[in-house]
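Working notes for the structure below.
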Amino acid sequence: MLEKNNKQIPYNQEEFLYQELMKQIREYIYCQNYLDKIYQAYALAKQKHANQKRVTGEDFIIHPLIVATTLAELQSEPHTIMAGLLHDSLEDTDLTFEELKHHMGDDVASIVEKTTKLNKIVFNKDQAQIENQQKMFLAMAKDIRVVLVKIADRLHNMQTLKIMRLDKQIRISNETLAIYAPLTHRLGLFQIKSQLEDLVLRYTKPHEYYRIAHLIQKKKNEREKSIDFIIKNIESLFHKTGIKNFHISGRSKNIYSTYKKLKQRNVFFEEIFDLLAIRIIVENIDVCYQCLGIIHANYFPLPNRFKDYIALPKANLYQSLHNTVLSKDGTIFEIQIRTKEMDGIAEKGIASHWSYKENKIYSKENKQLEIVRKLRWFKELIKLTKTTEDNLPTNSQNFVDAIKNDILSENVYVFTPQREVFELPKGSTPIDFAFRVHSSVGSRMNAAIVNGRITPLSYQLQNGDIISIKTTKNLLNVKKEWLKNVRTSYAKKIINKHLNQHFKEKSDLIQIGKKILDKELSQQKIEFVIKTNFIKNYFPQTEIQNINELYEYIGSKKISYHTVIKKILHFNNQQNHNVNFEQKTLEKYKKIVYENEIGVFIEGLKQTKLKLANCCLPVFDEKIIGFISKGKGIIIHRNECVNMQNFNWNKMVPAVWYSNNKFKYASLIFIVGYYNSTLLTDITNKTKNMGINILNLKILTKKLTQLNICLKVVVNNIKEINSLIENLSKISNIYKIYRGFY
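Sequential numbering of the sequence shown, starting at 1, is according to the UniProt record's numbering.
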């Protein structure tokens, strides 16, 4: 009941809220035409919602009045407030879009219509909810005022959530925490964010909420005394040092942020010291840093707590100096120092860009463009929506996941050498950064330099990293394995796009190559079925691993079909020549074996000089063949030695190893890997751990991110070689390894 002229009059909630709304509005809107239009919107909403009640039992008009008041507290421009008053009118009354447009104009009607589309959430259908979330982000990309209305609507719905069933309370709260709380953070609406988070905790974890609320309330008087004492002390310091025109205020941290600290730090409430926050508002940036110096001279700054958001603004344009300090009496508190303009953005966030100022001409398009220009994350939202809008609802899940992971998630801030700031989701790699700079930079990148050192592309970027990307001149350099090391949806999308295009081109080249080779084999009447062992033995130093890759090489002219035909003929001749002995053949000639230093047996030959070929370095237990070389004796080659195809077959003789061979053999292994500081150490350690001696390790070529290495080792047999190759291939930075030829 209200007192007036000593008489009791009934409390009229609607009238009270309307007067509160107009009080807020008149603080910054003076144009009578706009004031009249706002009253017209209120009158229309009152008329259309007449006799309607909310689930709470209140007159329906109470809800739009509270929503509009929240928007007015953000000093939203007049059309946004009108839309707030009418945001439920198209959905819950007989008012049509045409009637609304006639009464209030195109702008208000458009905001209300878009907001109405966002209101139809079906809580028991996940797909419907996902599609609704997608529509909200798409609407925000077109006109952010729609989302401001929706956030104000959600805030009041959360404030009246207690009348809902428990299951709806939890579902709505979870959605609020997943979507609306991060969104308000991104938009810089910190007061609304704090309210939403506290309400979410109240309905999802009521025991924790009321426990923390009780503990905070219990020490309220003590905290208020501490805050007052600190403020008076800082005011005195500022007066002594000549600081003028400042304002200092204090506050306690909210319940949800306290809950998060308890969980993250795994401590008790009594162990959380930084529950106090002091905010200092000054005239300009120079004074901000001057005040910080005074604070540091009189209070002890705690290590690793200083944040300069003035030099490095947050994604929502928030700017302030932050630090946590310790007073002489042991009180720990957070200091925030900023200008009046910064404080306006801190309080209203992105709404400050839509806030109304007298005598300014407003253009929705220009305001939206200004937000896109200033907010880096908003540019990413525009990118995502450009290719998604026409595909509702098929890509809804991917789109919403992209928003949550790329835009609403925790971020890191990195720099270019030119000190340009880039914001990326936590866990991003240099690949994500390259594509964030530009799709062409990402598509042609071949190296990343972080803090002056070449860094693996899998490296997770940290706050403050200085990163530059090296690119190829013209060629696309996209690799499938990049998909394992990217965090952002945009980078994945561009990589997949290039890979799909490459796959199409690759398929075409495979068909061309097959057609060419089949034609030549037919014309030369060569019968041959290409198998894995042929490819493995005859193309060891290429990336050819299977028949399709062989066709692709032929189709792209990376290898001529003449070369392939020549290798096929060599392979056929080798098979027909029967260069392999069975074990029984060896047993038959054991008695006439001539002992030699390499453990090889040549049938029927004695006192003949035998030598292992330097070009292929065969080892025990792999297939070999001898070649009679004038003046040198017999040179033993591996069957697949690339030089064999140039030899005269009449000078080749069968060769086998002794079964009880105990000799040791040198062998070559070629390695291609991404460069990092531990690659060579990893190779040598793995080799030594297998008991294999290294004769030589030579770096053949060193590019910016790639090393070509020749490893010469001593082994007992082919089995050891194969085991070594298998173990070395497990090193993450090695992407190709094979036995080679000189």
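Even for Gly, the Cβ is constructed at its ideal location relative to N, Cα and C.
Do you know how far the Cα of S458 is from the Cα of K584? Note on K584: pLDDT 43, under 50, position unreliable in the model; no value is reported.
Using DSSP bridges, identify the partner residues of Q336. BP columns for Q336 point to R279, H322.
Span of the beta strand (DSSP E) around I737: 734-739 is the span of the beta strand (DSSP E), which, as asked, contains I737.
Determine the extent of the alpha helix (DSSP H) in which N722 is found, giving its start and end residues. Element bounds for N722: 718-728.
Within a Cβ cutoff of 7 Å, which residues of the same chain sit near E235, ignoring the five residues on either side of it in sequence? Cβ neighbours of E235 beyond the five flanking positions: I248.
Just to confirm, is the Cβ distance from Y259 to L199 under 8 Å? Y259 places its beta carbon 8 Å or farther from that of L199.
Please state the DSSP three-state secondary structure of Q13. Annotated three-state conformation of Q13 is helix, per DSSP.
DSSP three-state call for F190: helix, strand or coil? It is helical.
8 Å Cβ cutoff met for S173 and T331: Contact flag unset, no.
Classify residue 743 as buried or exposed, calling it buried when 16 or more other Cβ atoms lie within 10 Å of its own Cβ. Nothing about residue 743 can be read from this structure; the chain reaches only from 1 to 742.
Does DSSP put R251 in a helix, a strand or coil? In this structure, R251 counts as strand in the three-state DSSP scheme.
Give me the Cα-Cα distance between L262 and Y256, rounded to the nearest whole angstrom. Approximately 10 Å, taken between the alpha carbons.
Would you kindly check if the distance between the Cβ of N451 and the Cβ of D465 is under 8 Å? Yes, they are a contact pair.
I need the straight-line Cα distance from T93 to F190, nearest angstrom please. Straight-line spacing of the CA atoms in T93 and F190 works out to 33 Å.
N708 - DSSP class collapsed to helix/strand/coil: Of the three classes helix, strand and coil, the one that applies to N708 here is strand, per DSSP.
Between which two residues does the alpha helix (DSSP H) harbouring G555 extend? G555 -> alpha helix (DSSP H) spans 547-555.
Under a three-way DSSP split, which group does S257 fall into? S257 falls in the helix class under three-state DSSP.
Using the three-state DSSP reduction, which class does E622 fall into: helix, strand or coil? Correct three-state label for E622: coil.
Distance check for N496 and H79, CA to CA, integer angstroms please. Using only the alpha carbons, I get a separation of about 42 Å.
Would you call A655 buried or exposed, if buried means 16 or more other Cβ atoms sit within 10 Å of its Cβ? By the 10 Å Cβ count, A655 comes out buried.
Should I295 go down as buried or exposed, given a rule of 16 or more other Cβ atoms within 10 Å for buried? By the neighbour-count rule (16 or more Cβ atoms within 10 Å), I295 is buried.
Skipping 5 residues on each side, what residues in its chain have a beta carbon closer than 7 Å to that of F60? Taken in chain order, the residues that qualify are H49, Q52, K53, R54.
Given L90, which residues of its chain have a CB within under 8 Å of its CB, disregarding the five upstream and five downstream residues? Excluding residues within five positions, the ones whose Cβ falls inside 8 Å are T96, F97, L100, V112, E113, T116.
Between which two residues does the beta strand (DSSP E) harbouring F268 extend? Counting along the chain, F268 sits inside no beta strand (DSSP E), nor does DSSP assign it H or E at all.
Let's see if you can read the secondary structure: which residues bound the beta strand (DSSP E) around H637? Here the beta strand (DSSP E) through H637 covers 633-638.
Report the partner residues of W657 according to the DSSP bridge assignment. Residue pairing by DSSP places W657 opposite V600 in a beta bridge.
Using a Cβ distance threshold of 8 Å, determine whether the segment 673-682 contacts the segment 418-427, with at least three qualifying pairs required. Under the Cβ criterion (8 Å, minimum of three pairs), the segment 673-682 does not count as touching the segment 418-427.
In three-state terms, what does DSSP make of K630? The three-state secondary structure of K630, taken from DSSP, is coil.
Three-way DSSP call (helix, strand, coil) for K588 in this model: Residue placement at K588 is poorly supported in this model, since its pLDDT is 45, which falls under 50; the coordinates still yield a value, given next. Residue state, collapsed to three classes: helix.
Please state if the CB of I510 and the CB of E481 are separated by a distance shorter than 8 Å. The Cβ atoms of E481 and I510 lie no closer than 8 Å to each other.
Where V437 falls: helix, strand or coil (DSSP): Helix, per DSSP.
For V653, which residues in the same chain have their Cβ closer than 7 Å to its Cβ, ignoring the five residues on either side in sequence? Its chain contains I602, G626, I628, I634 as the residues whose beta carbon lies nearer than 7 Å to that of V653, once the 5 sequence neighbours on both sides are disregarded; these appear in chain order.
Report yes if the CB atom of I281 is closer than 8 Å to the CB atom of F246, and no otherwise. The answer is yes: Cβ separation under 8 Å.
Once the 5 residues before and after Y18 are set aside, which same chain residues still bring their CB inside 7 Å of it? Excluding residues within five positions, the ones whose Cβ falls inside 7 Å are Y42, L65.
Identity of the residues DSSP links to N298 by a beta bridge: Residue pairing by DSSP places N298 opposite no residue, since no beta bridge is assigned to it.
Tell me whether L617 sits in a helix, a strand or coil according to DSSP, three-state version. Note: L617 maps to coil in three-state DSSP.
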